[in-house]
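Trainee: Mapping of the sequence shown onto the numbering used here: position 189 corresponds to residue 189, and the numbering continues sequentially without gaps. Take a look at this one; I'll ask things after.
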Amino acid sequence: MGDHDESAATGGSEGSGDAEGATDPPLVEAGAAVVGSALGRGAVVAVPSVGGYCLAVQVGTNDAEARLEALAADPEGPHYAVGHRDDVRALTSGWTDEVERLLERCWPGPVDVFLPRASEAAEAPAEAADEEGPDAGGWAVTVGMPDGRALRRLCKEHGPWRTIPLSFNKPSEVAHAFDAADVALVVDGGRREGEPPTLVDATVTPVRVLREGALPSQFVVATMAMGSRKRWFSRSRKKGD
1 MGDHDESAAT GGSEGSGDAE GATDPPLVEA GAAVVGSALG RGAVVAVPSV GGYCLAVQVG
61 TNDAEARLEA LAADPEGPHY AVGHRDDVRA LTSGWTDEVE RLLERCWPGP VDVFLPRASE
121 AAEAPAEAAD EEGPDAGGWA VTVGMPDGRA LRRLCKEHGP WRTIPLSFNK PSEVAHAFDA
181 ADVALVVDGG RREGEPPTLV DATVTPVRVL REGALPSQFV VATMAMGSRK RWFSRSRKKG
241 D
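Structure below.
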């Protein structure tokens with residue numbers, strides 16, 4: 001998760017808890033039923049992630065993504081979180097055997113994947129494909145998996161999520177920055193310290209590591225090369241039969 005300016009990250013809402021009549025969103029545990037209920041009705045919630053908090057909405061609910069974008073800026077987005085790797089298929093037009101193998105071997109784990117966006121991604125301009133990473137524009141998405149079983153289970157049952165990273169690291173900071181009318185609740189807990197996920201570019205073949213993080217880039221390279229060797233040996237054996 002990148003470091004963003006706090007005023008941009010909160011979409012100008014910072015300090016709204018001090019406004020007359022404003023109410024801070026409540027702090028709740030990830031396993032509380034109210035979290036799933038809020039996501040299911042399309043409410044914006046704040047969830048922890050390594051590097052800080054992010055705002056999240058369930059994809060496809062009540063214009064939730066538009067309301068999310070009105071609350072916070074996401075210059076390196078869009079970002080998505082999934083609870084199961086098969087959920088990635090609906091988010092990208094670039095699903096391949098190589099992507100499936102990458103996710104199978106690296107998830108659940110500290111890896112974010114940069115992928116062509118569904119539908120409009122297929123019409124990405126040629127010059128955009130030469131850009132490196134999330135700054136290439138809206139033709140691609142960054143997809144990750146929440147850290148911790150409780151959040152992954154929540155995302156699997158009430159996801160996938162569109163997310164926007166914030167610069168806040170404490171739940172009380174998030175709660176104080178937004179009004180409960182805009183952010184329904186703040187999930188208290190989760191791991192927020194540590195290296196960010198490793199970012200892998202899957203818009204190209206073979207995939208490449210754009211930013212090394214908690215998972216060593218050598219692991220990604222080695223595990224993908226192993227798959228290539230297995231396929232080569234498999235073809236060789238078939239030819240020899």
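Ideal Cβ positions, reconstructed from N, Cα and C, are used throughout, including at glycine. The model shown is predicted, which means the values in this text are computed figures rather than measured ones.
1. Taking the C-alpha atoms as reference points, what is the distance between D201 and F168?
2. With a cut-off of 8 Å on the beta carbons, I'd call P206 and M224 a contact; round off their distance for me.
3. Whose C-beta lies closer than 7 Å to the C-beta of Q58 among residues of the same chain, with five residues either side of it excluded?
4. Smallest Cα separation from D87: which of W107, L215, D74?
5. Mind checking whether V209 and P26 have CB atoms under 9 Å apart?
6. Which of the three DSSP states is assigned to D135 in this structure?
7. Taking just the CA atoms, how far does V113 sit from G189?
8. Suppose the cutoff is 8 Å on Cβ atoms and the five residues either side in sequence are ignored; what does the same chain contact list for E212 look like?
9. With a CB to CB cut of under 6 Å and the five nearest residues on each side skipped, what residues in its chain are close to V221?
10. Would you list the residues sitting across from L154 in a DSSP beta bridge?
11. Around the Cβ of V174, are there at least 16 other Cβ atoms within 10 angstroms (buried) or fewer (exposed)?
12. Please determine, among A118, L215, R192, the residue with the shortest C-alpha to C-alpha distance to G52.
13. Please identify the residue among P146, A70, A180 whose C-alpha is closest to the C-alpha of H266.
14. From which residue to which residue does the alpha helix (DSSP H) around H84 run?
15. Can you tell me the Cα-Cα spacing of A72 and L151, whole angstroms?
16. Between the C-alpha atoms of H79 and K156, what's the straight-line distance to the nearest angstrom?
17. Could you tell me the distance, in whole angstroms, from the CA atom of P110 to the CA atom of G194?
18. Quick check: the Cα distance between H176 and R149, rounded to an integer number of angstroms?
19. Have a look at V204, D179, P216 and flag the residue whose alpha-carbon is nearest the alpha-carbon of V45.
20. Please state the DSSP three-state secondary structure of P171.
21. Taking the beta carbon of R89 as the centre, do at least 16 other beta carbons fall within 10 Å, making it buried, or is it exposed?
Mentor: Let me spell this out:
1. Here residue 201 corresponds to residue number 201 of the sequence shown, with the count starting at 1. Here residue 168 corresponds to residue number 168 of the sequence shown, with the count starting at 1. As the crow flies, the alpha-carbon of D201 is around 27 Å from that of F168.
2. The sequence position of residue 206 within the sequence shown is 206, counting from 1. The sequence position of residue 224 within the sequence shown is 224, counting from 1. About 6 Å separates the Cβ atoms of P206 and M224, confirming a contact at the 8 Å cut-off.
3. Sequence index remark: in the sequence shown, residue 58 carries index 58 (1-based). Hits under 7 Å: L39, G40, G42, A64, H158, G159, W161.
4. Translated into the one-based positions of the sequence shown, residue 87 becomes position 87. Scanning W107, L215, D74 for the CA closest to the CA of D87 turns up W107.
5. The residue labelled residue 209 in the question sits at position 209 within the sequence shown. The residue labelled residue 26 in the question sits at position 26 within the sequence shown. Contact flag unset, no.
6. As a working note, residue 135 is residue 135 in the sequence shown. Legend: pLDDT at D135 = 48, less than 50; position of this residue unreliable, no value from coordinates given.
7. Residue mapping note: residue 189 aligns to position 189 of the sequence shown, counting from 1. Residue mapping note: residue 113 aligns to position 113 of the sequence shown, counting from 1. Looking at the two C-alpha atoms, the distance is approximately 25 Å.
8. Counting from one through the sequence shown, the residue named residue 212 turns up at place 212. Leaving aside the five residues that flank E212 on each side, the residues in its chain whose CB is nearer than 8 Å to its CB run, in chain order, T198.
9. Taking the first residue of the sequence shown as 1, we reach residue 221 at position 221. Counting only Cβ-Cβ distances below 6 Å, and skipping sequence neighbours, we find nothing.
10. As a first step, residue 154 must be located in the sequence shown, where it is residue number 154. Per DSSP, L154 has no beta bridge partner at all.
11. The residue labelled residue 174 in the question sits at position 174 within the sequence shown. Classification of V174: buried, given that the 10 Å Cβ count is 16 or more.
12. Within the sequence shown, residue 52 is the residue found at index 52, counting from 1. Comparing Cα-Cα distances from G52 to each of A118, L215, R192, the minimum goes to R192.
13. As shown, the chain starts at 1 and ends at 241. That puts residue 266 outside it, with no answer to give.
14. Taking the first residue of the sequence shown as 1, we reach residue 84 at position 84. From DSSP, H84 is part of no alpha helix (DSSP H); its letter is neither H nor E.
15. Translated into the one-based positions of the sequence shown, residue 72 becomes position 72. Translated into the one-based positions of the sequence shown, residue 151 becomes position 151. Taking the straight line joining both Cα atoms gives about 21 Å.
16. For the purposes of this step, residue 79 is identified with residue 79 of the sequence shown, where counting begins at 1. For the purposes of this step, residue 156 is identified with residue 156 of the sequence shown, where counting begins at 1. Their Cα atoms are separated by approximately 16 Å.
17. In the sequence shown, residue 110 corresponds to position 110, counting from 1. In the sequence shown, residue 194 corresponds to position 194, counting from 1. Roughly 10 Å between the two C-alpha positions.
18. On the sequence shown, residue 176 is found 176 positions in, with the first residue counted as 1. On the sequence shown, residue 149 is found 149 positions in, with the first residue counted as 1. The alpha-carbon atoms of H176 and R149 are separated by roughly 27 Å.
19. By 1-based counting over the sequence shown, the position of residue 45 is 45. Residue D179 is the option with its Cα nearest to V45.
20. One-based indexing of the sequence shown puts residue 171 at position 171. In the structure shown, P171 sits in a helix (DSSP, three-state: H, G or I).
21. Counted from its first residue, the sequence shown places residue 89 at position 89. It counts as exposed.
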